[in-house]
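S.K.: Same order as they appear, the protein sequences are chains A and B.
The numbering of the first sequence is numbering that gives the first Met the number 0, which starts it at 0 and goes up by one.
The numbering of the second sequence is numbering that gives the first Met the number 0, which starts it at 0 and goes up by one.
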Amino acid sequence: MSGQAPAAEWGPMTKQRAAIWLISISVALLAVGIIGGNVGIVFALLLALMLTGIPISIALGLTVLMFLYLLTHVPTEAVALKLFTGIEKWEIMAIPFFILAGNFLTHGGVAKRMIAFATSIVGHLHGGLALAGIVACAMFALVCGSSVATVVAIGSIILPAMVKQGYPKKFGAGVIITAGSLGILMLPSIPKVIYAISTNTSIGALFVAGLFPGMLLTLMLCTVTWYLARKRNYPRMPKANWGQRWTAFRKSVWGLMLVVIIVGGIYTGVFTATEAAAMAAVYAFFISVFVYKDLKLKDVPRVLLAGANLSAMLLYIITNAVLFSFLMAHENIPQAMADWIIGKDLGVVAFLLFVNLTLLLAGNVMEPSSIILIFAPILHPAAMRLGMDSVHLGILIDANMEVGLCHPPVGLNLYVASGISRLSITELTVAVLPWLATMVVFLVIVTYWPSLSIWLPRAMGMM
Amino acid sequence: MKILDHLEEWIITFLMGSATVVIFLAVLHRHMAGYHIPVLQDWLLSLHFGWAQELCIYMFVWMCKFGAAYGVRTGIHVGVDVLVNRLPVEWRKKAVFVALIGGAIFTGIIGTLGTSFIWENGMHYAMFHLLGLDTGDLPQGPTTPDLEWPTWVVYSAVPMGSFLMCFRFLQVMWIFSRTGGLPHHDSAHVDGLSDDDLTFEAAVLKGGAK
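Here it is as structure tokens:
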């Protein structure tokens, strides 16, 4: 229903080619439906509906209704009941709160102060402003759970500044697109909440587990940027002294305090994850309006409405995904998939490769929340049987989502950055390549080095 | 029509804001009640916030249902458009119609299912009771655990929201058939981008990096 941009980029196919595509797709789906039995029918139906461009939430719901009505004797009342009770879970309510907190942070001048602080630390190195952008994204990611919000918040300030200093626009956009994806890896993150809900993993452990991988990715992105900047001789900024650094830190400390509230609150048991999210929202509102005064009180309803719009969309997908997982459980699909995967005798290494490839492919057509809601319940049982850690799988999925966010055709970060920089998606796709390659290397590291993710939550006794 | 649009926006803005405030107060209350401040503590202990969590959940469920309808109007419900956008123009138009009709059908069915569900779970009784008719052996319907509200009232968000959403899909379809335009959610929209150079300079200066 959305995203007219790709059509403009690549242009429509000729009728003949389109017909060939459509026919081959329908033949493939039919084959899947016939060969795969009930499992095949469910997924063929879902894919067919999704390819018409129906919103994913509705495609999920329609698949369930059609399948239950046509092929089983499950009473429709069961569906109705699920619709009511599907999202009545306290943990799910963390999502709207985190979205709201992110919205307040984006509009409230927190990003600006974090950038100033980051600039005072790394600004004097080669490509100083670009490095500052990455570090600021990492800091913002510590308190914000969405990568799009991170790109908007940091990118809309640092990109114009970089262009003004003489960086090529493409370079700046490439840096911000990839660094922005840290938003869903570091500490709080909406995809992590969704994963936690669909697999019953501890939200707190997942939050903390993302810290070291996030720091590693920050370091890797910084190294690549520094190397490119030195080779191309991009401008450096005057070195700040310790006094200036202290001032910059003091100004940004209000935003950084949120880390203490969220992680400290959950860790000490003062709050549940949802309450911590609500506290974060109230705190972000408070500093935006009363401390930094960058947000006017009269603009607050607009921020609330934008937050509500996005949350409602996510909650709606979740409601329908609950229906879908009800159908999957009814047909025993996750169990069958797990049996099939175990039966292939893949071993952990090959299984993880398979997981990564599947998720990267899915990242080409869907956005993170939908991917997690559809794939986590399928992959989780198999991973558990192979002796993997639930938290590690969560971080792995998260890292995959990050890569998906940074490349076309559905990488949201690209679209946001394209909106800020007025560069076309095609240009950005090329611009982002050096960092995207870095992220793929990072993905391999995260995949095959579990302790990187699970050491910290273990050490803190959260799992 | 304008009134409906505004009402929708007001409802979800209000629900979002007040749910946050309710949870904030509940947490604050829980921790403040732990301190030994003579009169304040007694007063705080006399208040019960046990229902806050439940209220918050229902507020968000309502927000979700009405917000989803609002989302149809703002085009925030994303789908897989990789294939559709590359189809020839007339075919794309047909595909969009199929998608919108699918949305309308699904929400219509859910609305109908929801209505019959709440009707059988207490609304029937409540209506007859209200009108003074013989309720016979109709079930009175369950109530919610903490707030003790009748569940059919709480759950009426599902049919109401679904029918509203169905209406929105039909509305979008009508507009699309007339003008060929679709609502498009622009997540890249940033306010006040024009003066960002200034704010950045100011921030850096204030931050002392220069």
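Backbone N, C-alpha and C define an ideal beta-carbon position, used for all residues, glycine too.
1) Here's the rule I'm using: 16 or more other beta-carbon atoms within 10 Å means buried, otherwise exposed. How should histidine 379(A) be labelled?
2) Using a Cβ-Cβ cutoff of 7 Å, what residues of the region 48-68 of chain B are near chain A? List them in chain order.
3) Would you be able to state if there are at least three C-beta pairs under 8 Å between the region 35-52 of chain B and the region 289-301 of chain A?
4) Between threonine 217(A) and chain B, is any beta-carbon pair separated by less than 8 Å?
5) Could you confirm whether any beta carbon from chain A is found closer than 8 Å to the beta carbon of alanine 94(B)?
6) Check whether chain A comes within 8 Å of histidine 188(B), counting only Cβ atoms and requiring the distance to be less than that.
7) Quick test of your reading: valine 26(B) and phenylalanine 206(A), contact by CB under 8 Å. State the CB separation rounded to the nearest angstrom.
8) With distances taken between CB atoms, is the gap from histidine 406(A) to leucine 442(A) smaller than 8 Å?
9) Using 8 Å as the Cβ pair cut-off and three pairs as the minimum, do the region 60-78 of chain A and the region 66-86 of chain B touch?
10) In the DSSP assignment, find the unbroken alpha helix (DSSP H) run with serine 176(B) in it and report its ends.
11) What in chain B is Cβ-close to lysine 14(A), meaning under 8 Å?
12) Measuring alpha carbon to alpha carbon, tell me which of Lys191(A), Asn199(A), Thr118(A), Leu413(A) ends up nearest alanine 160(A).
13) For asparagine 331(A) and asparagine 399(A), which I take to be in contact (beta-carbon distance under 8 Å), what is that distance rounded to the nearest angstrom?
14) To the nearest angstrom, how far is it from the Cα of threonine 84(A) to the Cα of histidine 391(A)?
15) With a threshold of 8 Å, are at least 3 pairs of Cβ atoms found where one atom belongs to the region 420-431 of chain A and the other to the region 226-240 of chain A?
16) Tell me the DSSP bridge mates of threonine 142(B)?
17) I'd like to check one pair, glycine 113(B) with leucine 82(A): are the Cβ atoms closer than 8 Å?
18) Considering only the beta carbon of each residue, do proline 190(A) and serine 310(A) sit closer than 8 Å?
19) Please classify glycine 165(A): does DSSP put it in a helix, a strand, or coil?
20) Determine the chain A residues that contact valine 97(B) at a beta-carbon separation under 9 Å, and present them in chain order.
21) Do you know offhand how far alanine 68(B)'s Cα is from glutamate 147(B)'s?
22) Could you pull the start and end residues of the alpha helix (DSSP H) that tryptophan 253(A) belongs to?
23) Taking the beta carbon of glycine 226(A) as the centre, do at least 16 other beta carbons fall within 10 Å, making it buried, or is it exposed?
24) Within the continuous alpha helix (DSSP H) that includes leucine 6(B), where are the two ends?
25) Considering only C-alpha positions, which residue in the set Ile24(A), Met327(A), Leu28(A), Phe96(A) is nearest to leucine 536(A)?
26) I want to see whether chain B comes within less than 8 Å of serine 450(A), judged by CB atoms only; does it?
27) By DSSP, does proline 54(A) sit in helix, in strand, or in coil?
28) So, for alanine 187(B): in the same chain, excluding its five sequence neighbours on each side, which residues have a beta-carbon less than 7 Å away from its beta-carbon?
29) Quick check on DSSP: helix, strand or coil for glycine 108(A)?
30) Is methionine 31(B) close to chain A, meaning its C-beta is less than 8 Å from at least one C-beta of that chain?
31) Based on the DSSP output, what are the partners of glycine 78(B) in its beta bridges?
32) Does the beta carbon of glycine 179(B) sit closer than 8 Å to a beta carbon anywhere in chain A?
33) Using only CA atoms, which one of Pro187(A), Val41(A), Met336(A) lies nearest to leucine 70(A)?
34) Could you pull out every residue in the same chain whose Cβ sits closer than 8 Å to the Cβ of alanine 279(A), ignoring the five residues on either side in sequence?
35) In the DSSP assignment, the alpha helix (DSSP H) including arginine 235(A) goes from what residue to what residue?
36) What did DSSP end up calling alanine 187(B) once you bin it into helix, strand or coil?
M.R.: Answer, in terms of the structure:
1) Histidine 379(A) is buried by the Cβ-count criterion.
2) Cβ contacts with chain A come from Gln52, Cys55, Ile56, Phe59, Val60, Met62, Cys63, Gly66, Ala67.
3) The region 289-301 of chain A is not in contact with the region 35-52 of chain B.
4) No, no contact with chain B.
5) Alanine 94(B) counts as touching chain A.
6) Note that histidine 188(B) scores a pLDDT of 49, beneath 50, so its modelled location is shaky; the value from the coordinates is reported in the next line. By the rule that beta-carbons nearer than 8 Å mark a contact, histidine 188(B) touches chain A.
7) In fact, because the Cβ distance is near 18 Å, the residues do not count as touching under 8 Å.
8) Result no, Cβ atoms of histidine 406(A) and leucine 442(A) do not sit closer than 8 Å.
9) Taking 8 Å as the limit for Cβ pairs, the verdict is that the region 66-86 of chain B does not touch the region 60-78 of chain A.
10) For serine 176(B), the uninterrupted alpha helix (DSSP H) run begins and ends at 156-178, by DSSP.
11) Those are Pro87, Trp90, listed as they occur along chain B.
12) The shortest C-alpha separation from alanine 160(A) is found at Thr118(A).
13) Between asparagine 331(A) and asparagine 399(A) the beta-carbon gap is near 26 Å, outside 8 Å, which marks them as no contact.
14) Taking the Cα positions, threonine 84(A) is about 29 Å away from histidine 391(A).
15) The region 420-431 of chain A, when compared against the region 226-240 of chain A, does not touch it at the 8 Å Cβ threshold.
16) Looking at the DSSP assignment, threonine 142(B) forms a beta bridge with Pro149(B).
17) Yes, the pair counts as a contact, with Cβ atoms nearer than the cut-off.
18) Going by C-beta atoms, proline 190(A) is not nearer than 8 Å to serine 310(A).
19) Looking at glycine 165(A) - three-state DSSP - the assignment turns out to be coil, as it is neither helix nor strand.
20) Within chain A, the residues near valine 97(B) are Thr51, Gly52, Ile53.
21) Spanning the alpha carbons of alanine 68(B) and glutamate 147(B) requires a straight line of approximately 28 Å.
22) Its alpha helix (DSSP H) spans residues 241-258.
23) For the record, residue 226(A) in the displayed sequence is tyrosine; it is not glycine. So tyrosine 226(A) counts as exposed.
24) Looking at the DSSP string, the run of the alpha helix (DSSP H) that includes leucine 6(B) is 1-31.
25) Because chain A is modelled from 0 through 462, residue 536(A) falls outside the range shown and cannot be assessed.
26) No, serine 450(A) lies away from the interface with chain B (no Cβ there is under 8 Å from its Cβ).
27) Look at proline 54(A) here: in three-state DSSP terms it is strand.
28) Low local confidence applies: a pLDDT of 47 at alanine 187(B) is under 50, so the model's placement there is unreliable, with the coordinate-based value given in what follows. Its chain contains no residue whose beta carbon lies nearer than 7 Å to that of alanine 187(B) once the 5 sequence neighbours on both sides are disregarded.
29) Coil, per DSSP.
30) It does not; no Cβ of chain A falls within 8 Å.
31) According to DSSP, glycine 78(B) bridges with Pro54(A).
32) The beta-carbon of glycine 179(B) is placed no less than 8 Å from the nearest beta-carbon of chain A.
33) Nearest C-alpha to leucine 70(A): Val41(A).
34) Here the set comprises Phe96, Phe97, Ala100, Val142, Pro187, Leu257, Ile260, Ile261.
35) Under the DSSP assignment, arginine 235(A) falls outside any alpha helix (DSSP H); it carries neither an H nor an E label.
36) Annotation note: pLDDT 47 at alanine 187(B) (below 50); position unreliable, coordinate value reported separately. Here alanine 187(B) sits in coil by DSSP.
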